[in-house]
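Keeping their order, the protein sequence lines are chains X and H.
Residues in the first sequence are numbered from 10 upward in steps of one, following the numbering used here.
Residues in the second sequence are numbered from 115 upward in steps of one, following the numbering used here.
Even for Gly, the Cβ is constructed at its ideal location relative to N, Cα and C.
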Amino acid sequence: MTTMAVPRIVSARVHHDDSHTLDRYLATRGYEGLKKALAMTPEAVAREVDEANLLGRGGAGFPAGRKWSMMRKNPTTYLVINGDESEPATFKDHLLVENDPHQIIEGAVIAAYALQVSQIFIYLRGEFALGLERLQSALNEAYAYGAVGHDIFSSGFSIDVVVHPGAGAYVCGEETALLESLEGKRGFPRIKPPNFPAAVGIYGEPTIVNNVETLSNVPWIILNGGAAFAALGEGSSTGTRLFALAGRVRNPGVYELEMVKNTFSDLINDPALGGGLFPGRELKAFIPGGVSAPWFFPEHLDLPLGQEQVDAAGSMLGSGSVVVMDDQTCVVRASWRITRFFHRESCGQCTPCREGSGWLEKILERIEIGQGRREDLDLLLDACDNISPGLTWPPQQTTICVLGPSIPSSITSAISRFRDDFLAHITLGRCPHV
Amino acid sequence: MSDPTSVGDTADELTFSLDGRSVVAHKGEKLIAAAERAGVFIPRFCYHPRMKPVGVCRMCLVEVDGPRGPSLMPSCFIDVQPDMVVVTESDTVKKAQDGVLEFLLINHPLDCPVCDKGGECPLQDQTLAYGPGESRFIEEKRHFEKPIPISELVMLDRERCIQCSRCTRFADEVAGEAQIDFVGRGPHIEVAPFPELPFTSYFSGNTVQICPVGALTATPYRFTARPWDLDQVESTCTTCSLGCRVAVQSSSNRLTRMLGIDADPVNQGWMCDKGRFAFEAVNDPGRLTRPLVRKNGGLVEVSWYEALEAAAAGLRKARTDHGPAGVGVIGGARLTNEAAYAWTKLAKGVIGTDSVDAQLGDGLPAELVVGLPRATIDEAVNADTVILLTGDVREEVPVLFLRLRAGVRYGSLNVVELSPGDTSMTGLAAASLRYAPGEADELVRILLDVKAPTPNGMHPDEFADARRLIGSPRVVVVLGRGSRSEDETIMAAAAQRIAAALPGATFLPVLPRGNVMGALDLGMAPGLLPGRVALDDGAEWFGRWWDQVPAGRGRTTMEQLADLASPEPSMGAVVLLGADPWADVPDRRLVERAFDSPVFVVAVGTQIDSTTERADVVLPAASVHERSGTTTNMEGRISRLGQKLVPPGQAWADWMIAAELAVHLGSDLALESVGAIWDEIERLTPLHSGITSAVLGQPGAADGVVAPLSAAKVSLFRRRGRQMDPVAIPGVESTNRQGLDFRAGWAEDPTSGWTGRPAVPVNPTEERPSMLRKIPAYVAPVIGRVDSYSHRLMATRCLYDNGAAMAKSPALDALVEPATLAVHPHDLDDLGLSAGDRVRVKTASTSMVMAVRPDPGLPTRVVALPMNVMLDGVPDGSRHDVADLIDVTVPVTVVRLETP
Ligand SMILES: Cc1cc2nc3c(=O)[nH]c(=O)nc-3n(C[C@H](O)[C@H](O)[C@H](O)COP(=O)(O)O)c2cc1C
Ligand code: SF4
Ligand code: SF4
Ligand code: SF4
Ligand code: FES
């Protein structure tokens, strides 16, 4: 299968140098979706999105239409766009923010109209300096153009958008931590239940949190109809999706692919996509949906890029980041690095994550540098079990948010498949790869 | 308030399944609390029954059945739901709890042998019950610099912190001062104060008390004792008249620590730092331990016999020279109830003088205080409206601030504040109206007169709100003194005006010194006899049981001082009863003139101070926690004091001094033990009728009993097996064991009854005189012309002052800031002055130079100074305070400011 057959939805414009400007945007059907939406009833707009079965692209894959319908009725409600994308190897929102900010704004305003919210916040990862600049100037252009603000396109609908840069914490991508951070507090996730944002969100008011990519699909859906979107893909995995391909491949990058119609092998090996591994290398493992996801192995290569299919195989599409590891990759080092990331990014609020992540990281580091003990493997698994009881997928948790149970994924994947690699470190007294 | 410990109202009940049993809980009750009541203790660290749950430590995970099968839920965070199925003992729960405990320990320094918390540590205790027996952690632990100060009183050991956020939540949620918070993320998270905002809260000690590990320690306690060496008894703090229930702990006959006890109607577990740390003054090596008599100008240590003889001789001479009214008694507000009764009986019943006053001119007229309908703290917190007509409650009765704040923040209380300047309550008040010092009564008059227009300078909406709110059905007036440099009758008149206009309103008096209410209730004021009885009404009745009763009304403290200061004093002797007029009376020059007279002075006290310097006879008394008996708080709540220490040297309990002095005066009080005194009080007064030692000794009455019983709206036996924070205060010995009948140092047989006098009938209720029925009418004095070049002086009270409790407690004394004259910034600009500059403050009769500071919380033309705090910027560095400026002969002290 080649990429040429793939319709581009969210990345249609990004190859233009000036894709971030209003001129280019307007020249490529920009804000037509919004104009069309404003002529419809809010309910009709929401129905299109529901019909599209647009799955959330932020990680959990929850259908946006369903989420919207769950918002508690209230005079004041909010829409928050999650652009905090901070996970290692995840960079697809980054592309959209820098290269198609108007699409995000248009999607957000359409969603705001469908939801009849009082205000939009866009929470952007603080390190996206260029993204912030482009999004902010796009917003200024959009205000000037009349697509945001008072009485949008003379429709009588008014909405304001506030862009808020984060302060460098990955955990603030977790929606309730994000809301705390937006409220000016420490980015501590809230306990769900009862603090589901659609019921109790920012400032205690009902709030819909959607990912940047999720909403970037909305203008297309309105222009082309939910049914057209649903016609792409298969089953519940409709439309296209951005995949951020990283690791040991020839062409890392962001690729928009129709859901289900392609396999992991296509993504990694197709010359127009990942272009395969480096010469002479063999695939050892790959992460299908960001570092929180359990790993896949060569036998999973032919699995289609669809949510149910990946879920059924025991992992998730998650944040849409695919990381390739070849036979030169040290899996001990990989899981140590991932664990170290979670340890550093734990908000520190709850005990199992704050303490457990640090302990796991230290053990892994010790094994990696050749000071491991055989019993460390069971210890690692048991400590993981105390964060995520039963080590099941989807995970149970002793923690407040799912950052905690994300920690065991790489460790249990690596140990269960590559126990020998760990033992080699232990018996050799050093990392066999260095 | 609903009793949190019992299931009462069935409409409020629901049933759920706990480990296979059916258990009844309240609606809205947290699972952890419901389980605990049902006898299932779920381990916990971050949960505190008096704060909102956060569910962060994860120690309390239990399995709750849900649509997707059982899952682990924090039991501190979730409300019990009808038919919830909860399992607390499954393998999954056990493993999760063991796992959390292991995680908490991996980075914990385990320096228990040198940790103050060792031996009473919830982390140690729960490690015994949960978690693996051995450590599987072989990595290097997280390190931090060992304890760092986060305030003058509190040290933080970050290695020991388990990030439970109890301390930070207390600061924010309970104290309303988020001066400490977490900084850093994940492994680097630590508790810290803000760089520009030090942790100065008056309530900081509570964070130490509720810290579940040894991360927070208080400087006065650090390394002074091991918990297992501590002896402790439940008692009441008598530092102020709020009366927090406390655990008093000692080791080797030295006080080591005070902890707040969760008395639901009073302090709910909290204390202020002054109450918590002022115990150091009791341990002060400079305490008075021997009786002293002045010989050839110097004080000489003598035997008790000689001292009492000398005192009796001086008093007798004064009585001979001037009649019974020639003897005065000043003070008594720091005594126990029993000692107050003994001294009243001595002064009024033996000597025959009515010039007895427990207040020092800084309170309110006694008849007003005892005569107004009284409110409880709970009634105030749950009222529709509290009218604040008092000084800053956080400065004067700190824990009342916490209770009122909770009423506003978490309840439906509205506060209407009438004050001369901003206070800690201003930000919480629905309306805060300013009056110029001296004009409180005028503001109340206008507020109550619906036809009166909004006064100049007041916001019409705010004024209208205040007027509307004071018309609510349930109104409580917190009544005290907004300023000590204005005549007390101004507040009295204002209070009377409110009482007349709002007949349903009840009053909560805020008067200085711990047992002032008990002293007034036991007759330590002119015109009163024990039990809130007017002298005239009770003369016949008390005359039956006492040698005599005073022939007529005596003098207040201020009247006594004025008499002594007059050219021809009609008094010959004064007993200073645990009172220091030099420190507390608002008019220093009056005090000095009074004691320049040749008056014979007997000082009964615990410390060497100005009174000892002037006294002819000094009698050393037992201090707080060295005596048993009872005390009465602002509500009229009588609670028991537990004696923890034996008084040092030859110091005696105050009541014994009275009893022995009576003998030396040729009489006999016939009071032979604390218990016997209480029996006599209960049998004689209308106020205490029915509140027998047995009633006070009921375990359920540990939170105290509000007198009179007939008016008690609270249940006598509130305290059941209630959920105290198990993280603090394990196993406090009750006052029942060390209570009313403790007779340290008393030689005679305490079981012998009355001697030489008819037996008091057991229940003479019908014959007892009635309590005060008519309060005299107070009329606010007319304020003379105040020209626009003058400023009215406001004298406030400040928690951290130069009083003896602070001065002799090193940790607290370091916190006292020298006083600077607070001036509105505009007025400072007019004078061309800025912060720290000196100004000359002139009154009609004196003048003084001191430093100024801007205070935008004051109205213009009003300047403020705290009472009993040494002034900053006095040129020769000599010790002066606001009392050197105040002139009590004018209704309000007016000053002029000049650049010196
Ligand atoms: C630790 C953590 C980090 C997350 N980071 C992000 C993020 O950077 N961007 C994002 O859109 N969602 C992130 N999520 C998922 C959000 O919580 C939330 O599910 C999502 O924003 C919802 O949007 P969607 O329904 O459009 O996917 C994160 C979740 C967790 C637990
Ligand atoms: S799981 Fe980790 S990131 Fe999530 S709340 Fe707990 S400590 Fe914070
Ligand atoms: S210092 Fe104590 S109370 Fe504060 S967070 Fe740490 S362990 Fe908890
Ligand atoms: S508020 Fe009053 S009674 Fe309570 S601790 Fe402080 S001084 Fe003692
Ligand atoms: S999470 Fe419940 S007690 Fe800490």
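Quick check: the Cα distance between H:I375 and H:W384, rounded to an integer number of angstroms? 7 Å
For H:P163 and H:P840, the rounded distance between their alpha carbons:
With a pLDDT of 47 at H:P840, under the threshold of 50, the modelled position of this residue cannot be trusted; read the value that follows with caution. H:P840 and H:P163: Cα-Cα distance of roughly 10 Å.
Using beta carbons (cut-off 8 Å, strictly below), is X:L388 in contact with chain H?
yes
Residues in its own chain within less than 7 Å of H:V96 by CB, not counting five upstream and five downstream? Because residue 96 of chain H is not part of the residues shown, which for chain H are 115 to 1014, the question remains open.
Any idea what DSSP makes of H:G870, helix, strand or coil?
For H:G870, the pLDDT reaches just 34, beneath the cut-off of 50, and the residue's location in the model is therefore unreliable, although a value from the coordinates is still provided. Residue state, collapsed to three classes: coil.
Considering H:A729, what are the terminal residues of the beta strand (DSSP E) in which it resides?
H:A729 -> no beta strand (DSSP E), and no H or E assigned at all.
Margin query: So with CB distances below 8 Å, who are the chain H contacts of X:W368?
Written below: F217, I220, F251, E253
* Cβ-based neighbour list, X:F137, same chain, cut-off 7 Å, excluding 5 preceding and 5 following -> H103, V106
When DSSP labels each residue in this structure, what does X:I18 get in the three-state scheme? coil
Helix, strand or coil at H:A909 [DSSP, three-state]: strand
Distance, H:L642 Cα to H:L486 Cα: 14 Å
Contact shell at 5 Å, judged by CB to any heavy atom of ligand 4, ordered along the chain
H:C351, H:T353, H:C354, H:L356, H:C358, H:M385, H:C386, H:G389, H:P512, H:V513
| said: Tell me the rounded alpha-carbon separation between H:G445 and X:V209. | reply: 57 Å
(Q) Please give me, in chain order, every unbroken run of the alpha helix (DSSP H) with length at least 4 that falls completely inside the region 381 to 447 of chain H. (A) 387 to 391, 418 to 436
query: Where does H:N367 land, buried or exposed, given buried means 16+ other C-beta within 10 angstroms?
result: exposed
* **Residues of its chain near X:S20, where Cβ-Cβ distance is below 6 Å and the 5 sequence neighbours each way are ignored** => E265
Q | Around ligand 2, Cβ to any heavy atom closer than 6 Å, ordered along the chain | A | X:V180, X:P198, X:S355, X:C356, X:G357, X:Q358, X:C359, X:C362, X:R363, X:T408, X:I409, X:C410, X:L412, X:G413
> H:G213 CB to nearest chain X CB: under 8 Å?
Replying inline: yes
What alpha helix (DSSP H) runs, 4 residues minimum, are completely inside the region 250 to 315 of chain X? 273 to 278
*Since H:I501 sits in a beta bridge, which residues does DSSP pair it with?*
H:V530, H:V591
Using DSSP bridges, identify the partner residues of H:G541.
Its beta-bridge partners do not exist; DSSP assigns none.
- Task: Compute the Euclidean distance between the alpha carbons of H:R69 and H:V630, then round it to the nearest angstrom.
- Result: No statement about residue 69 of chain H is possible, as the shown extent of chain H runs from 115 to 1014 and does not include it.
Margin query: Contact criterion: CB-CB distance below 8 Å. Does H:A285 meet it with respect to chain X?
Written below: no
**Report entry** Per-residue burial, X:A423 [other beta carbons within 10 Å of its own, 16 or more giving buried]
**Finding:** buried
| request: Tell me, please, whether the CB atom of H:Q277 is closer than 8 Å to any CB atom in chain X? | output: yes
Would you decide whether X:L437 is buried or exposed? Buried here means 16 or more other CB atoms lie within 10 Å of its CB. exposed
Reducing DSSP to helix, strand and coil, say where H:Q240 ends up. helix
Of all the alpha helix (DSSP H) runs that stay within the bounds of the region 715 to 774 of chain H, which reach a length of 4 or more residues? 724 to 728
Discussion item. Less than 8 Å between the beta carbons of H:S546 and H:D506, yes or no?
Written reply: no
Excluding five sequence neighbours on each side, which residues of the same chain lie with their C-beta closer than 6 Å to the C-beta of H:F313?
I264, S265, Q293, I294, P307
_Measuring only from the beta carbon, is H:V101 closer than 7 Å to any heavy atom that is part of ligand 1?_
Because chain H is modelled from 115 through 1014, residue 101 of chain H falls outside the range shown and cannot be assessed.
### Message
Is H:L344 close to chain X? Criterion is C-beta to C-beta, closer than 8 Å.
### Response
no
query: How about X:F71: is its Cβ closer than 7 Å to a heavy atom in ligand 7?
result: Ligands present in the displayed structure are limited to ligand 1, ligand 2, ligand 3, ligand 4 and ligand 5, and ligand 7 is not among them.
Using beta carbons (cut-off 8 Å, strictly below), is X:H309 in contact with chain H? no
Of all the residues that make up the region 334 to 367 of chain X, which are near chain H by a beta-carbon distance shorter than 7 Å? H352, R353, E354, S355, C356, G357, Q358, C359, T360, P361, R363, E364, G365, G367
#### Entry: Interface residues of the region 174 to 191 of chain H facing chain X [CB-CB below 8 Å]
L175, S185, L186, P188, F191
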